[in-house]
Amino acid sequence: MAIKSDGWIRKMAAESEMITPFESGQVRSMNGERVISFGTSSYGYDVRCADEFKVFTNIHSATVDPKAFDERSFVDIKSDVCIIPPNSFALARTVEYFKIPRSVLTVCLGKSTYARCGIIVNVTPLEPEWEGHVTLEFSNTTTLPAKIYANEGVAQMLFFESDEICEMSYRDRGGKYQGQTGVTLPKT
Numbered sequence: 001m002a003i004k005s006d007g008w009i010r011k012m013a014a015e016s017e018m019i020t021p022f023e024s025g026q027v028r029s030m031n032g033e034r035v036i037s038f039g040t041s042s043y044g045y046d047v048r049c050a051d052e053f054k055v056f057t058n059i060h061s062a063t064v065d066p067k068a069f070d071e072r073s074f075v076d077i078k079s080d081v082c083i084i085p086p087n088s089f090a091l092a093r094t095v096e097y098f099k100i101p102r103s104v105l106t107v108c109l110g111k112s113t114y115a116r117c118g119i120i121v122n123v124t125p126l127e128p129e130w131e132g133h134v135t136l137e138f139s140n141t142t143t144l145p146a147k148i149y150a151n152e153g154v155a156q157m158l159f160f161e162s163d164e165i166c167e168m169s170y171r172d173r174g175g176k177y178q179g180q181t182g183v184t185l186p187k188t
């Protein structure tokens, strides 16, 4: 298994629409203003956060249960910024839609700009032949409110291509998150 470079990422984006919309270089400013960078990097792709957020709240004193998640535990926000309360978290989604090739496993890591502010970005691996908008989890580990910027870079995707094709892809087994288009809550 080998990590893939910027040239491979550009080729896959053009040939198989692996990332849509796709930015072939690093974007560091928009409309004359600095932004947290996004787009193709040397060995990965920095994704953006869309302007749809679900901010966790415990107003109903619910128990967090992945088998029976109470949707009332979130407040929906559509905005250019999201304020995450101290020691809480929010869900969002990527601007980009992914179509992962059958021979590729994709791993996501948070950007250092957010990590250095105590904001952890968590994403599970994108398995071979998974497709959709990626649901992002932002954990605010600080005792202060934390700000997330929509339409700016939040995490980096790394693509690992195997020299063998997997026997069973995410699509083959009918994965429950296949084709997700919005911020997607836990499913069983």
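Straight run, no breaks: the sequence shown in our numbering ends on number 188. Glycine included, C-beta positions come from ideal geometry on N, C-alpha and C.
Query, Result
"Contacting residues, own chain, Cβ-Cβ under 7 Å from K78 (five flanking each side not counted)", "D51 and E52"
"Cβ-based neighbour list, E23, same chain, cut-off 6 Å, excluding 5 preceding and 5 following", "G39"
"At least three beta-carbon pairs within less than 8 Å, the stretch 104-114 to the stretch 71-91", "no"
"C-beta contact flag for I9 and Y45 at 8 Å", "yes"
"Nearest candidate by alpha-carbon position, reference S103, set V64, R72 and E129", "E129"
"Sequence-distant residues of the same chain with beta carbon closer than 6 Å to S88, five excluded per side", "F56 and N140"
"Element boundaries [beta strand (DSSP E), containing T40]", "E33 to S41"
"beta-carbon C166 near the ligand NAD non-hydrogen atom, thresh 7 Å", "Inclusion of the ligand NAD in the displayed structure is not the case, the ligand content being empty and no account of it being possible."
"Residue nearest to H133 in terms of C-alpha spacing, selected from P66, Q178, A90 and Q156", "Q178"
"Rounded straight-line distance, which links the Cα of T135 to that of G182", "8 Å"
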